[in-house]
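Residue numbers (UniProt numbering): 1 to 69.
For reference, the structure discussed in these notes is given below.
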């Protein structure tokens, strides 16, 4: 009886592991407070860089229109 029980127990464990791998959770990954702050600062820097690039492009467009005009 012990041998059969042990075999069945191992078999059930393997089945549970396989099922758990198939059904992953839809829960989003936890992001720590420090990581959120870091992401926010990076995003702010990117927005600032984007604004600077837009200003430079606008200046170049004005200069090229003055040279051509």
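We put the CB at the ideal spot given by N, CA and C, even for glycine.
As the structure is a prediction and not an experimental result, all values here were calculated from the model.
Return the CA-CA distance between residue 24 and residue 46, expressed in angstroms with no decimal places.
Along the chain shown, read from residue 1 onward, the residue named residue 24 stands at position 24. Along the chain shown, read from residue 1 onward, the residue named residue 46 stands at position 46. Cα to Cα, the separation comes out at about 33 Å.
Rounded to the nearest angstrom, what separates residue 122 and residue 37 at their Cα positions?
Residue 122 lies beyond the range of the chain shown here (1 to 69); nothing can be said about it.
Consult DSSP for residue 3 and reduce its assignment to one of helix, strand or coil.
Residue mapping note: residue 3 aligns to position 3 of the chain shown, counting from 1. Residue state, collapsed to three classes: helix.
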